[in-house]
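Undergrad: Below is the structure I would like to discuss, written out as structure tokens.
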Amino acid sequence: MEEAPQRVELPAAFEDVEVDALVHLIADMMDRLMAHNDRIPLSPEALTRFHSRSAPGISVLDYLKRVVRFTKVERVCLLITLHYIDQICARAPLFTLTSLTCHRFVITAITIASKTFCDVFSVNAVYAKVGGIPVDELNMLEREFLRMIDWNLTCTREVLQEYYVNLVRTHSMGTYYIAARESSSGISSDSDTDWEAGGSQPDSPMAESTTTEPSTILVDTATLSPEPPRLPTLEQNMAFAAFRQSSQGPMEPG
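At the far end of the sequence shown sits residue 254, using full-length UniProt numbering, and the numbering has no gaps.
The following block contains the structure:
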């Protein structure tokens, strides 16, 4: 008879959690999102600069561990990546986090978050090398990311805390738990603990989708103004044709 996996208690506040545990939580959520969204057929108008022609050979967990190891990324920069996913997916509904987009999205999000929240951060050449893509491509992805998110790069500390709590609550293996759950939602929002730069932010609970619609994490779409639907551009049609022809070939994260 197999023994039940040992459960690990985590601190109530995300600022106190070990980075390794946070990486496992985020990778678990992204794996589930990708498994869901990979079932959605790709259309030309949904093709973005974040798409690889085939899924990279490195798992999201190992990729995140690599980024953390070589860039010393802070907890807030890891957590806000989930907020960025929700914001972009709500504004551009055709974009989904899949096995073809996740790695490029992650390294771009962490690059931008580090510049936004950290007093000390690396230059793009370092993030590009760690992420396995050319620096010119990271620069291009950074510009596209900022356009897609409309430069809304911050959120409240409470929103990040709710992402953290829900990552623990929905972890697929049930390995982690927060014993003092009630204290995690009652932490005050004084100015010295607030990540907000201005404006209200969504705080609805995380929901697990069971349909074939693109799945996000935690977002109140009523607070956002989605982009109007656009026909595929000539570039997208050409890229989609090339993608269809060469999708069987090996592809690195970049």
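All C-beta atoms, glycine included, are put in the ideal place defined by N, C-alpha and C.
#1: State buried or exposed for Gly57, treating a residue as buried only when at least 16 other CB atoms are found within 10 Å of its CB.
#2: On a CA-only basis, which of Ala21, Cys155, Glu45 and Leu141 is nearest His103? Give me that one, please.
#3: Can you tell me which residues form a DSSP beta bridge with Glu9?
#4: Would the segment 42 to 55 count as touching the segment 114 to 122 if we require 3 or more Cβ pairs under 8 Å?
#5: Specify, as a first and last residue, the run of the alpha helix (DSSP H) that Asn152 falls within.
#6: Note the first and the last residue of the continuous alpha helix (DSSP H) segment covering Ile107.
#7: Taking Asp62 as part of the alpha helix (DSSP H), name the residues at either end of that continuous run.
#8: Considering only residues of the same chain and omitting the five flanking positions on each side of Met30, which have a CB-CB separation below 7 Å?
#9: Please classify Leu138: does DSSP put it in a helix, a strand, or coil?
#10: Taking all protein chains shown into account, decide if Ala179 is buried (16 or more other Cβ within 10 angstroms of its Cβ) or exposed.
#11: So, do the segment 155 to 170 and the segment 126 to 135 have three or more beta carbon pairs nearer to each other than 8 Å?
TA: Quick look at the numbers:
#1: With a threshold of 16 other beta carbon atoms within 10 Å, Gly57 falls short and is exposed.
#2: Leu141
#3: According to DSSP, which records beta bridges pairwise, Glu9 is partnered with Tyr177.
#4: The segment 114 to 122 and the segment 42 to 55 do not touch, with fewer than three beta-carbon pairs separated by less than 8 Å.
#5: Looking at the DSSP string, Asn152 is not in any alpha helix (DSSP H), and its letter there is neither H nor E.
#6: Cys102 to Phe117
#7: Val60 to Thr71
#8: Val60, Leu97 and Cys102
#9: helix
#10: Label assigned to Ala179: exposed.
#11: no
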